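Below: the structure, in structure tokens.
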Amino acid sequence: MEPAGRLPSFGWSPRAALLVGVLASAAMLVPLVGGNGQDQWLPPELRAALVIFGATFVPGIPIVIALRIPGRALAASLAVALSLATTILVSQFSLIGHWWNPYRTQTVLGVSALVLCVAVWLRLPSRFRVSRNRYQNALWMDRWRATELVALVAAVVLFARQTSTLDYMAAGKFGIITEVGWPYVAGLVLISCIVAVTLTRSRIDHVVMAASTVVLITYATLLVPIATGESSFPTAFVHRGFITAIMQEGALPKAVDARFSWAGFFSAGAHLTSVAHLPDSQPFMALAPLYFNCVLAFPVYAIAVAVTGRTRVAWLAVVLYQLFNWYQQDYFAPQSVALVFYSTIIATLLWQFRCAPLPRLDPGVLGFLTTAPRRTLGLVPGFGRARTAAIGAALIVLIAANVVTHQITPLLVVISLGFFSLLGATRYRVLWLVAGLIFAAWFTYGASDYWMGHLYGIFSEVGKVGSSVTEGVGDRLTGDPVYKKMQYLRIGASAAFAVLGFMGWIAMRGRRSWLLSGALFGAAFLLIALQGYDGEVVIRSFVLSAPMLAPLAAFGISRASQRLWITRDGAVTAPLRWSMVAALAVVLTALGIVVTTNRGLNTAFEATTPELVAATDEFVASASPSSSIMSWSYSPPALGANTIGSQTPDIVFVDKPPCLADLGTCALDQQPSYIYITSQGMGMLEFQDGVTYDRLSEAITKIVDSGHYVPMVDKPTILILRRTDSPPIGEVP
6 MEPAGRLPSF GWSPRAALLV GVLASAAMLV PLVGGNGQDQ WLPPELRAAL
56 VIFGATFVPG IPIVIALRIP GRALAASLAV ALSLATTILV SQFSLIGHWW
106 NPYRTQTVLG VSALVLCVAV WLRLPSRFRV SRNRYQNALW MDRWRATELV
156 ALVAAVVLFA RQTSTLDYMA AGKFGIITEV GWPYVAGLVL ISCIVAVTLT
206 RSRIDHVVMA ASTVVLITYA TLLVPIATGE SSFPTAFVHR GFITAIMQEG
256 ALPKAVDARF SWAGFFSAGA HLTSVAHLPD SQPFMALAPL YFNCVLAFPV
306 YAIAVAVTGR TRVAWLAVVL YQLFNWYQQD YFAPQSVALV FYSTIIATLL
356 WQFRCAPLPR LDPGVLGFLT TAPRRTLGLV PGFGRARTAA IGAALIVLIA
406 ANVVTHQITP LLVVISLGFF SLLGATRYRV LWLVAGLIFA AWFTYGASDY
456 WMGHLYGIFS EVGKVGSSVT EGVGDRLTGD PVYKKMQYLR IGASAAFAVL
506 GFMGWIAMRG RRSWLLSGAL FGAAFLLIAL QGYDGEVVIR SFVLSAPMLA
556 PLAAFGISRA SQRLWITRDG AVTAPLRWSM VAALAVVLTA LGIVVTTNRG
606 LNTAFEATTP ELVAATDEFV ASASPSSSIM SWSYSPPALG ANTIGSQTPD
656 IVFVDKPPCL ADLGTCALDQ QPSYIYITSQ GMGMLEFQDG VTYDRLSEAI
706 TKIVDSGHYV PMVDKPTILI LRRTDSPPIG EVP
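If you count the sequence shown from 1, you need to add 5 to reach the numbering used here.
Below is the structure:
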């Protein structure tokens with residue numbers, strides 16, 4: 006038997022954590038007693054914050070304390086994931102069971118969480134071990150920490166200045182990077198210097214690194230959302246429409262959109278929006294990337310610690326994850342929550358694999374192949390069979406929540422759990438089978454609207470790797486020549502991240518987790534052989550592999566830096582250290598510029614303004630169900646988001662030939678009641694479809710000059726043309 010890792014002391018103080026749980030339980034109930042609608046004495050933003058606070062921390066905190074999960078990152082990851090999973094499962098099955106009553110459900114959840122916190126508090130031992138590392142103490146202060154925190158505050162001020170002056174409407178084929186000024190770059194330099202200094206110190210200051218991570222996430226994800234006040238990814242408005250439809254109907258719409266077959270996120274969104282007395286879920290949308298990336302930092306850190314055993318490498322992994330995360334899949338969407346669930350499951354199993362005794366394998370390749378699948382991981386020291394089984398039950402809850410939330414991530418969960426069992430790296434040898442059965446059951450009964458009549462199409466995609474890659478990469482390299490070349494920067498960033506991860510994995514050879522970490526790294530890319538996912542499976546594979554890829558890349562960089570800067574006797578002289586700091590700061594700043602460029606490349610057709618949202622909402626609410634709407638391109642999803650239901654106008658999206666060849670003639674031939682044109686649609690037609698701005702302007706002029714259409718709404722970001730015999734906004738009966 007190999008020696009098991011030492012069980013660490015409690016990372017978080019149980020009593021302090023339970024106090025947070027009590028506050029979160031109370032936060033769940035406060036909006037319920039504040040009145041309804043206009044009578045609410047709390048502002049909508051505060052109500053939204055309260056319900057999110059509650060859904061994030063309970064009942065996960067008391068459960069994690071009861072299980073005595075060690076390690077701050079893993080404990081926080083499990084607490085948040087279990088809390089979110091509870092809200093999703095309860096909301097989803099209350100809809101399925103026709104028990105939809107958000108206020109009653111929220112009351113039960115809040116009171117139950119409060120009772121659970123008290124019960125766990127009463128069962129706490131009189132003595133328990135808590136980490137006393139002063140570098141984890143938020144109240145401790147020295148000169149270095151004070152200086153670094155002040156510098157981070159300065160970076161936040163610079164960010165605020167940049168967002169207040171950002172001309173996002175001027176973004177073109179190069180994206181938002183051309184509009185970024187010196188305040189943003191100076192702020193990135195400050196953050197990079199702080200991270201570089203902290204990571205190269207003899208002791209890691211966890212408080213400074215945590216604060217730096219939050220500020221870095223803010224820079225990477227919120228530049229455009231803060232400047233516009235709206236979500237920077239338009240599909241979030243589609244999800245807003247889904248949630249509004251559930252709130253209005255009190256049930257899941259049938260045969261409307263395949264995403265309702267995995268409606269856990271939307272059900273939870275409808276529940277939280279209802280109990281917060283909000284008209285829709287828009288208050289949750291703009292800051293969603295900050296929320297999800299902060300939450301995901303916990304499992305990424307926990308995975309890195311489990312794989313490498315080094316906190317320094319773990320923090321570097323968290324930073325690298327953010328600097329290569331250009332995919333914008335962290336918006337107000339189901340996949341954001343699903344990735345949290347998946348990463349938490351993997352982090353928990355890797356922690357057990359690192360700490361528990363592991364039976365030895367027979368020598369040789371044949372010995373490995375015959376004994377590994379039959380091997381069972383031992384018990385983590387201090388964790389008996391009952392508590393280990395309880396952790397397994399908690400993982401099943403996360404698996405179930407994942408299954409009802411997202412279409413493709415549950416497949417990765419099954420594959421990854423299969424690798425754990427195949428390599429004999431878990432006590433839960435049949436957990437992969439349980440996950441597969443839950444997925445199969447939901448796919449058969451809960452997702453029948455998705456596969457009815459499409460089963461052949463689903464299975465016909467299996468094995469078509471070339472087709473999936475072509476749809477995911479080749480077919481997207483179209484449109485404006487300069488914009489197309491900018492796409493190569495995105496491809497290059499992903500390729501560089503993958504190469505760094507692979508090199509780090511090679512450097513880990515001989516470690517206990519080497520084979521398992523490699524299998525988990527590659528698991529996400531097996532999805533390419535299973536589903537095309539409407540051309541998105543390649544991007545999703547990189548997104549889903551990133552929590553495993555970042556620790557491997559960080560380990561490789563750490564090994565390389567040791568060889569470059571550490572002397573033979575293991576010492577690091579002051580000149581060497583400061584040269585290391587300078588080099589790391591330069592690299593981090595450069596990566597920050599690259600991720601800003603990549604994330605903001607589509608700003609011209611993804612930025613959403615309050616003006617556009619308000620005009621669209623009024624337009625859709627006023628349009629008669631008998632009218633028809635022509636929308637130029639799919640880029641304004643705020644339009645389609647609000648038209649879920651039976652009493653909706655007919656919408657025609659124009660984004661394919663032959664209409665693209667002559668938009669003016671196409672519109673006049675089809676004679677829709679209204680023509681809906683936004684800055685988003687114009688940008689998408691210009692940069693992705695290759696229709697020049699002059700051609701678009703000529704088409705609009707041709708339509709207006711025909712005398713059949715007149716401008717009804719004419720603003721910088723939205724133009725709605727009304728057919729002369731169609732009623733204007735406000736006069737539709």
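Idealized CB from N, CA, C, for every residue including glycine.
The structure displayed is predicted, hence computed values, not measured ones.
Same chain, Cβ closer than 6 Å to residue i, five either side skipped, listed in chain order
i	result
Tyr332	Ile544 and Val548
Gly429	Ala377 and Arg380
Arg132	none
Ala29	Phe58, Gly59, Phe62 and Val63
Val194	Thr594
Gln340	Gln334 and His411
Rounded separation between residue i and residue j - CA only
i	j	result
Gln412	Trp447	10 Å
Ala165	Lys259	44 Å
Leu521	Leu422	11 Å
Leu427	Arg380	9 Å
Ser584	Pro556	24 Å
Phe814	Ala216	The shown model of the chain, from 6 to 738, leaves out residue 814, and the question about it has no answer.
Asp485	Lys178	8 Å
Gly180	Arg20	48 Å
Gly506	Gly314	17 Å
Cys299	Gly509	24 Å
Ala319	Val474	32 Å
Ile101	Ala452	12 Å
Glu740	Val439	With the chain running from 6 to 738 in the structure shown, residue 740 is simply not present.
Met689	Leu382	52 Å
Leu301	Thr226	14 Å
Gln693	Thr483	6 Å
Leu277	Ala53	8 Å
Ser499	Leu72	38 Å
Ala275	Pro630	25 Å
Pro304	Gln334	17 Å
Arg564	Val385	29 Å
Leu363	Arg432	10 Å
Pro732	Thr608	33 Å
Nonlocal neighbours in the same chain, by C-beta distance under 8 Å from residue i, ignoring five residues either side
i	result
Glu703	Gly669
Val487	Lys178 and Phe179
Residue i versus the options, residue with shortest Cα-Cα distance
i	options	result
Val345	Met174, Arg208, Cys671 and Leu87	Leu87
Arg516	Val261, Val220, Gln111 and Ala311	Ala311
Arg434	Ala394, Leu724 and Ala225	Ala394
Leu325	Phe265, Leu596, Leu154 and Gly540	Leu596
Met553	Pro130, Ala32, Phe242 and Ala524	Ala524
Val408	Ile222, Leu442 and Val385	Leu442
Gly2	Ala307, Leu163, Val56 and Ala528	An answer regarding residue 2 cannot be provided, because it is not within the stretch 6 to 738 covered by the chain.
Met717	Met687, Thr697, Ser678 and Lys707	Ser678
Val696	Arg109, Leu726 and Val659	Val659
Trp637	Ile734, Ala256 and Pro662	Pro662
Span of the beta strand (DSSP E), counted from its first residue to its last, around residue i
i	result
Pro188	It is not in any beta strand (DSSP E) - Pro188 instead sits in the alpha helix (DSSP H) that spans Trp187 to Leu204.
Trp637	Ser633 to Trp637
Pro739	For the chain, the structure presents residues 6 to 738; residue 739 sits outside this window and is missing.
Tyr679	Tyr679 to Thr683
Phe658	Asp655 to Val659
Contact test: residue i Cβ vs the ligand NAP heavy atom, cutoff 8 Å
i	result
Trp637	In the structure shown, the ligand NAP is absent, as is every other ligand, since no ligand is present at all.
Range covered by the alpha helix (DSSP H) that runs through residue i
i	result
Thr614	Thr614 -> no alpha helix (DSSP H), and no H or E assigned at all.
Arg727	Element bounds for Arg727: not the alpha helix (DSSP H) but the beta strand (DSSP E), Ile723 to Arg728.
Met508	Pro486 to Ala512
Phe179	Note, Phe179: premise wrong, no alpha helix (DSSP H); not H, not E.
Leu55	Pro49 to Phe62
Pro415	Thr414 to Leu427
Arg700	Tyr698 to Asp710
Arg128	It is not in any alpha helix (DSSP H) - Arg128 carries neither H nor E in the DSSP assignment.
Beta-carbon proximity list for residue i, same chain, < 7 Å, skipping 5 on both sides
i	result
Ala512	Phe560, Gly561 and Arg564
The stretch 342 to 355 touching the stretch 78 to 85, judged by at least three CB pairs closer than 8 Å: yes
Contact between the stretch 233 to 252 and the stretch 288 to 297 (3+ Cβ pairs under 8 Å): yes
Contact between the stretch 115 to 132 and the stretch 59 to 74 (3+ Cβ pairs under 8 Å): yes
Meets three-Cβ-pair contact criterion under 8 Å: the stretch 587 to 602 and the stretch 185 to 194: yes
Validate contact between the stretch 677 to 686 and the stretch 609 to 622 using beta carbons, cut 8 Å, 3 pairs: yes
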